[in-house]
Every structure is written in structure tokens, then in C-alpha cells.
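Trainee: Numbering (my numbering), first residue to last: 1 to 295. Even for Gly, the Cβ is constructed at its ideal location relative to N, Cα and C.
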């Protein structure tokens with residue numbers, strides 16, 4: 001059997017639309033024009049097929065990674081519980097500020113200078129300009145053994161006054177055993193289930209042990225963290241918002257929280273529920289063989 005005969009047999013028996021009209025079909029065997037038309041249509045279709053295949057191949061060569069959804073029912077017990085960081089909008093506790101003012105007054109720093117310095121502290125994270133007078137005051141404080149970071153720590157709202165009652169898995173727990181003072185871009189805050197590297201350097205323990213992941217077996221309020229908080233409106237002195245409340249950040253325990261982790265603001269007299277929809281992204285070992293610029 002020659003190649004031509006094989007081609008005619010393939011055309012007559014193929015399920016591809018149009019090829020049977022090119023072959024020696026009895027209905028159009030004598031109609032040469034119709035067979036030529038179908039031949040042109042088949043060649044054009046084949047050209048488009050090759051063009052699309054080439055485009056798909058180029059796309060695969062330029063981006064060989066493939067993302068798929070493995071499951072939408074992953075067990076909750078295998079997912080680590082996230083970290084929760086609470087930051088009071090007020091960055092200066094008025095009672096702490098008055099106490100610091102008395103200390104600095106005894107060191108020769110005028111009260112007005114102390115107040116001006118404290119009001120400038122919330123502006124340290126907006127990269128705005130600082131008055132030269134504030135810088136001069138800072139140099140005076142450094143000569144007295146104080147620095148800006150230490151002052152911000154001493155006048156920040158303490159965690160003990162922010163959290164009134166804490167519940168873990170619906171059981172009452174002392175808030176001091178759950179939350180620690182941490183330092184993030186928003187200032188000094190209180191964090192639950194975070195690594196020790198977020199703690200201030202001058203209060204951080206030298207022997208830092210790895211944080212063990214926390215896992216729960218279910219979802220809902222009964223399988224999470226509940227906190228009753230006191231915003232402390234009477235102690236507001238300098239804030240980074242024109243409102244009262246506590247900012248909530250939900251993030252991974254080994255991550256430094258930023259604005260992308262911002263979740264909600266808890267305001268006075270309200271109950272705020274925060275839920276998390278986790279997504280686990282994994283990669284196969286074959287990904288290591290693909291250059292970084294092509295991933």
C-alpha cells in the first residue's frame with residue numbers, strides 16, 4: 001500500500017470534519033471543484049491549528065509553571081493558627097507621658113519640649129520632615145541617656161490596660177500569658193502567637209526558642225481567640241487617625257505585619273468578628289530545575 005492510498009483511506013475514515021470530502025467519497029468523487037474547496041478549508045484549518053499549538057508551546061516555554069487547585073476541603077487541624085497583633089490608634093498614653101515629663105524635668109528638659117517631642121513620635125513612620133528643634137531636643141535626651149525608641153516604648157499604651165478579658169477556645173485565660181509587647185511599623189503593639197524577633201531589642205530574651213505552631217480542630221468563635229478590649233479614650237494624647245479604636249492585624253507568626261495584613265478597627269461599644277480564609281501554596285520538587293526568570 002502506497003502513501004497516497006493510505007492518505008485516501010485516512011480521509012475516508014477520519015472523523016475530522018471535511019477530510020471525508022477530500023477523499024474518494026462516492027457523493028462528490030466527480031466534483032473536482034468541491035474537493036479542491038474542501039482541501040483549501042482543511043489546509044487553512046490545519047494552519048490555524050499549528051499556529052495555536054505554536055502559541056501554546058511558546059507560552060509553556062516562557063512560563064513552564066502550572067497552578068492548580070488540589071483540594072478545597074483541606075483539614076483545618078493541619079493549618080497553623082495565625083498571629084494576631086492589636087495596635088491602639090493612640091500612640092501616647094497620657095498618664096505615661098505625664099510620668100515621663102516629670103522624670104525629664106528633673107533632668108533639666110523643659111516640659112514643653114517633652115510634649116512637642118511626644119507629639120512628633122507618631123510621625124516617625126510617615127517619612128515626613130521633622131522640625132530641627134525636635135532633633136535638637138532628641139540630642140539633649142540622648143545626652144541624658146534617653147533615645148527616641150526607648151521613649152516611645154515607655155509612653156506607649158500598655159497591653160495590660162488595653163485587654164480586659166481574654167478567651168482561648170472559649171476558656172478564660174490571663175491576657176498577659178497570651179500577648180507580648182511587639183514593635184511593628186505602626187509602633188508598639190500587643191501580639192498573640194508571634195515570634196520573639198518582633199519584641200523590642202531591649203526587652204527581648206537572649207535565649208530565643210523557636211515558636212511552636214498552634215493548631216485548632218474546628219472553626220468558629222469556640223475554636224479561636226476572643227478579647228475584650230479597653231480603647232482607653234481618656235488617655236488619648238497623640239494618634240495617627242482622627243478616631244478612637246484598636247487596629248487588628250492578622251498575619252503569619254514568622255512574618256513582620258504590614259498594611260497588607262490590616263484587617264479591621266475595633267471601636268468602642270462594638271463587637272467585631274474577624275475570620276480568615278487560609279490558602280496554602282506548595283510547589284513540586286521539579287520547580288528547582290526551572291531558572292528563576294522563567295518561574
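1. What ranges does the beta strand (DSSP E) occupy inside the stretch 25-90, keeping only unbroken runs of at least 3 residues that lie completely in it?
2. With DSSP collapsed to three states, give me the class of residue 140.
3. Look up residue 276 in the DSSP assignment and say whether it is helix, strand or coil.
4. Considering only residues of the same chain and omitting the five flanking positions on each side of residue 228, which have a CB-CB separation below 7 Å?
5. Between which two residues does the alpha helix (DSSP H) holding residue 237 run?
6. Give the DSSP bridge partners of residue 264, in chain order.
7. Check whether the Cβ atoms of residue 300 and residue 245 sit closer than 8 Å, and answer yes or no.
8. Mapping the DSSP letters down to three states, classify residue 182 as helix, strand or coil.
9. Under 8 Å, do residue 82 and residue 251 count as touching if we go by C-beta distance?
10. Specify, as a first and last residue, the run of the alpha helix (DSSP H) that residue 153 falls within.
11. Using alpha carbons as the reference points, say which of 80, 38 and 85 lies closest to residue 274.
12. Please report the distance separating the alpha-carbon of residue 175 from that of residue 160.
13. Just the C-alpha distance for residue 67 and residue 53, rounded to the nearest angstrom, thanks.
14. Hey, residue 296 and residue 117 are a contact pair by Cβ (cut 8 Å); roughly how many whole angstroms apart?
15. Residues in the same chain with beta-carbon distance under 7 Å from residue 64, minus the five sequence neighbours each way, listed in chain order, please.
16. Quickly, what does DSSP pair residue 92 with across the bridge? List them, please.
17. What residue range does the alpha helix (DSSP H) around residue 162 cover?
18. How do the stretch 187-207 and the stretch 148-155 stand: do at least 3 beta-carbon pairs fall below 8 Å, yes or no?
Mentor: To lay it out plainly:
1. Residue ranges of uninterrupted beta strand (DSSP E) with 3 or more members, entirely inside the stretch 25-90 and ordered along the chain, are 83-88.
2. Against the chain shown, residue 140 aligns to sequence position 140. Taken through DSSP and simplified to helix, strand or coil, residue 140 comes out as helix.
3. For the purposes of this step, residue 276 is identified with residue 276 of the chain shown, where counting begins at 1. Note: residue 276 maps to coil in three-state DSSP.
4. By one-based count along the chain shown, residue 228 stands at place 228. Listed in chain order, the non-local C-beta contacts of residue 228 below 7 Å within the same chain comprise 164 and 165, local neighbours out to five positions each way being set aside.
5. The sequence position of residue 237 within the chain shown is 237, counting from 1. The continuous stretches of alpha helix (DSSP H) do not include residue 237, which lies in the beta strand (DSSP E) extending over residues 236-239.
6. Translated into positions along the chain shown, residue 264 becomes position 264. Note: residue 264 is bridge-paired with 248 in the DSSP secondary-structure output.
7. For residue 300 there is no data in the structure shown, the boundaries of the chain being 1 and 295.
8. Counted from its first residue, the chain shown places residue 182 at position 182. For residue 182, the three-state secondary structure derived from DSSP is strand.
9. Numbered from its first residue, the chain shown carries residue 82 at position 82. Numbered from its first residue, the chain shown carries residue 251 at position 251. The answer is yes: Cβ separation under 8 Å.
10. Stepping through the chain shown from its first residue, residue 153 is reached at position 153. The continuous alpha helix (DSSP H) containing residue 153 extends over residues 148-155.
11. Numbered from its first residue, the chain shown carries residue 274 at position 274. For residue 274, the nearest C-alpha among the options comes from 85.
12. For the purposes of this step, residue 175 is taken as residue 175 along the chain shown, with counting starting at 1. For the purposes of this step, residue 160 is taken as residue 160 along the chain shown, with counting starting at 1. Going from the Cα of residue 175 to the Cα of residue 160 covers about 8 Å.
13. If you number the chain shown from 1, residue 67 lands on position 67. If you number the chain shown from 1, residue 53 lands on position 53. Roughly 20 Å separates the two Cα atoms.
14. Residue 296 is absent from the model: the chain starts at 1 and stops at 295.
15. As a working mapping, residue 64 is identified with position 64 in the chain shown. Excluding sequence neighbours, residue 64 sits near 290 and 294.
16. Here residue 92 refers to the residue found at position 92 of the chain shown. DSSP lists 238 as partners of residue 92.
17. On the chain shown, residue 162 is found 162 positions in, with the first residue counted as 1. Taken as a continuous stretch (DSSP letters only), the alpha helix (DSSP H) holding residue 162 covers 159-162.
18. Judged by pairs of C-beta atoms under 8 Å, the stretch 187-207 touches the stretch 148-155, as three or more such pairs exist.
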